[in-house]
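First to last, the sequence lines map onto chains A and B. Residue 154 in this note's numbering sits at position 154 of the first sequence, with consecutive numbering throughout. Residue 1238 in this note's numbering sits at position 238 of the second sequence, with consecutive numbering throughout. Backbone N, C-alpha and C fix where the C-beta goes; we use that ideal spot for every residue, glycine too. Below: one structure, written as C-alpha cells.
Number of protein chains: 2
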Amino acid sequence: MNETKTTDADSEIAGTGTLGKAMAVLEAVVTAGGPQRFTDIVQSVGQPRGTVHRLLSHLVEEGLLAQGRDLSYEPGLRLLKLAYRSWSGNRFRDIAEPHLLRLHELTGETVHLGVLQETEIIYVDKVESRQTVRMSSQIGKASPAYCTGIGKAALSSLSQPELLRIAAKTRFHPFTAHTHRSAAGLLAEIDEIRRDGHAFDREEHEAEICCVAAPIFVPEHDLVAGVSVTGPAYRVNMAQLAAWANVVREAAGKIEEEVRMRLGPGRNGR
Amino acid sequence: MNETKTTDADSEIAGTGTLGKAMAVLEAVVTAGGPQRFTDIVQSVGQPRGTVHRLLSHLVEEGLLAQGRDLSYEPGLRLLKLAYRSWSGNRFRDIAEPHLLRLHELTGETVHLGVLQETEIIYVDKVESRQTVRMSSQIGKASPAYCTGIGKAALSSLSQPELLRIAAKTRFHPFTAHTHRSAAGLLAEIDEIRRDGHAFDREEHEAEICCVAAPIFVPEHDLVAGVSVTGPAYRVNMAQLAAWANVVREAAGKIEEEVRMRLGPGRNGR
DNA sequence: AACAGAGTTCCACATAATGGAACTGACTCA
DNA sequence: TGAGTCAGTTCCATTATGTGGAACTCTGTT
C-alpha cells in the first residue's frame, strides 16, 4: 500500500495536473450513485463549464464514463474491466485465497480479506457463507478502519506514530450504539488487540453483525491488512468468536509467512 | 473494416490528449499481470522515457498505481474502489439481480449477466452454483462475444449492419475444437439464434463448459446484453440446456421489461 | 415574443506536458 | 581499480495542450 506522504494537509487540487482533474470528475460521477447531468457535475467539481465539458468528453471517449441518450453521465464498463484484471492479477489475494477457503470450511461463516489504506480498509477478497441471502460481491468496498474487525486488526500492526496519525485523521461516525466515538477508546482497544493478536467487531459498524479478525503485516511490502470471520450476532455470539480467534490468527500468520516467502524481499505486495 | 484492432495499440495517436496517454500507461501495467519495471513500461507504451516517467508518478499519486520498494509498478487499490462503487450503483445490474437469483434456484447452475461492448461481452453479475469449486468473482471479466452464449445472444439483437461491423472486427481465435473459425459460421448461427430466441455455447470458449443464453435488448438505453445458465458438460448435456432455454428466455424478457419500466424512456442503461 | 435553463462551441491565452539529453547509482567484468 | 552497461531520475527550452469566459444553440415555458 502506498503511504503517500504528500503532506496532504494542504489543498489537494491539481497536484497531478490534468489527470488529477479528470479523476476528480470521474470520482464525482461514480460517487453520485445515479446518472449525473452536466450541470450537476459542474456543481460538484468546482471547475469552469468549458473545462468540465472537455474532461467529460475525454472520459467518455476513453470508456471510463458512458453517456446516455438524455446526455447524462454514468460510470463506464472500462472501470470494471480494469478492476477485474488488476484484481485477478493481485498476488497477495492469490496467496491468501486458499487460506480464506480453509477458514471458511472451519467456521462455515463469511471470511473477508482487507487491506488498510489510510483510514479505510478495502476488501480485496471474500468467501461467502452458504447461508447468506445476498451474494453480491463486496470486493473493492471501503469501510472505515476504526469500526471494523479487520480495520482495527490492521491498525494494531502500525507503529504508534503511524497509528496516531491515522487516528487523528479519522472521523468517528456513530454507526451503531457500540461504535467508538473518539480516538481515545479506539487507541485503548488497539492496545488490547496488540496484546491479544486479534480484534473483535462487536456490532460496531452494522447492527447484528460481528466478527473476529487478525492482522497481516508485511512491512517489507508496505502491506498492512487483515482477515476476518464474520457472522450475524444471532448465530455467532462472542464466545463463538473468541473460540475462532485462534484459527483466524493462525490463518493470518500463514498468509503473512507465505507472502514473505513468495513475494521475496523488497517487492511490493499491493 | 477500418482501424481498431483490440485495444488502442496505435490506431489513434492521442484522441484524448493527456488522459489518453495516462490510460495507455495504466492499461499497460494492469494488462501485464505482474509488477512492471519502468523500462518494461516504456517499452510497451512507445512513449519517451521522460513522458512515461511523469505519467507514472501522476498515476501513483492518484492511487491508480502503486509503486513497490523495488520501484516496480502495480495496479493500485483506487481502481477496485472506483469499480466497486460504479458496480454497486449500476441500475441495470440491480434490476436484473432478483431474476438471476430465481434462475439460479430453478436450475441450480451458475447464472451470468453480461453486457456487449463491441466484440466483447463484459460480465456484470454472476450467481454461483453451490457446487463450484472456485468462488472467485468474475465480474468485470471480458470474453469474446463470438464464442460465448451471452455474447452470441447479444449479437443476435443487433441490426444486420451492426452485426456485420462487429463480425468484421472480430478476431477468431480457436479456443477449442468447437470454436467458430470464421465470420461465416458465426453469422449462420446468429440467424438460428434470432429465430429461436436463445443461444448455446457448446464448449466453444472453454472445453467442458457449456451454456444456454438469451438476449436482453433495450435499444432506448443502448443496452445490448444477455443472461445465461452455465454448467460443466458432464453434468448438463445439450438436452438439459435445451430444456432450460424457456426459463432463460423468460428471465431475459422480464429483465428487459423491467428495465424499460424502471429506467424510463430515453435514459441510459449502461 | 421574451425568458430561462441546459448543453455546446469558440478562441486568445498561459499553463502544463513534452522529450532529448545529461545525471546518478548500482552492478559487472576485465 | 576503472571502464562499461543498464536502470531510474532530473532538467529545461520548446510548444502543444488544456484553460475558461463568453457567446451560441436548443428546447421548453409563460
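**Q.** Simplified DSSP assignment, three categories, for K141 of chain A
**A.** In the structure shown, K141 of chain A sits in coil (DSSP, three-state: anything other than H, G, I, E or B).
Q | Nonlocal neighbours in the same chain, by C-beta distance under 7 Å from P161 of chain A, ignoring five residues either side | A | none
(Q) Taking a contact to mean a Cβ-Cβ separation below 8 Å, would you say T18 of chain A touches L1026 of chain B in this structure? (A) no
Q.
Using a 10 Å radius around the Cβ and a threshold of 16 neighbouring Cβ atoms, would you call Y1084 of chain B buried or exposed?
A. buried
Q: Measure the C-alpha to C-alpha separation of I190 of chain A and A1096 of chain B and round it to an integer number of angstroms.
A: Spanning the two alpha carbons is a distance of roughly 42 Å.
Q: For chain B, find out if any of its Cβ atoms is closer than 8 Å to the Cβ of T18 of chain A; answer yes or no.
A: By this cut-off, T18 of chain A is an interface position.
Q. Which parts of the region 14-69 of chain A are runs of the beta strand (DSSP E), unbroken and 3 residues or longer, counting only runs that do not cross its ends?
A. 65-67
Q: Look at the Cβ atom of G140 of chain A, then the Cβ atom of L1080 of chain B, and state whether they are nearer than 8 Å.
A: Taking 8 Å as the Cβ cut-off, G140 of chain A and L1080 of chain B qualify as a contacting pair.
Q. Does the Cβ of S1086 of chain B have 16 or more other Cβ atoms within 10 Å, making it buried, or fewer, making it exposed?
A. buried
Q.
I need the straight-line Cα distance from Q1138 of chain B to T1148 of chain B, nearest angstrom please.
A. Straight-line measurement puts the Cα of T1148 of chain B at about 15 Å from the Cα of Q1138 of chain B.
Q) Looking at the structure shown, is F1092 of chain B part of a helix, part of a strand, or coil, going by DSSP? A) helix
Q: For chain A, find out if any of its Cβ atoms is closer than 8 Å to the Cβ of L1223 of chain B; answer yes or no.
A: no
Q: Leaving out five residues on either side along the sequence, give the residues of the same chain with a beta carbon under 6 Å from the beta carbon of H99 of chain A.
A: A251, K254, I255
Q: With DSSP as the reference, label M1135 of chain B as helix, strand or coil.
A: Bear in mind that a pLDDT of 49 at M1135 of chain B, under 50, signals an unreliable position, so the number given afterwards is only what the model happens to contain. DSSP places M1135 of chain B in coil when its eight states are reduced to three.
Q: Tell me, please, whether the CB atom of G151 of chain A is closer than 8 Å to any CB atom in chain B?
A: Not an interface residue.
Q. Can the beta-carbon of G1114 of chain B be found closer than 8 Å to that of G1226 of chain B?
A. Going by C-beta atoms, G1114 of chain B is nearer than 8 Å to G1226 of chain B.
Q.
Quick check on I122 of chain A - is its C-beta less than 8 Å from some C-beta in chain B?
A. yes
Q: Could you tell me which chain A residues have their CB closer than 7 Å to the CB of L1158 of chain B, listed as they occur along the chain?
A: In chain order: nothing, as chain A lies at least about 17 Å away.
Q) For the beta strand (DSSP E) that contains P232 of chain A, what are its first and last residues? A) Here the beta strand (DSSP E) through P232 of chain A covers 223-232.
Q) Ordered along the chain, which non-local residues of its own chain (more than five positions away) have a Cβ less than 7 Å from that of S1072 of chain B? A) P1035, Q1036, R1037
**Q.** Nonlocal neighbours in the same chain, by C-beta distance under 8 Å from I1206 of chain B, ignoring five residues either side
**A.** A quick correction: the sequence has Glu, not Ile, at residue 1206 of chain B. F1175, T1176.
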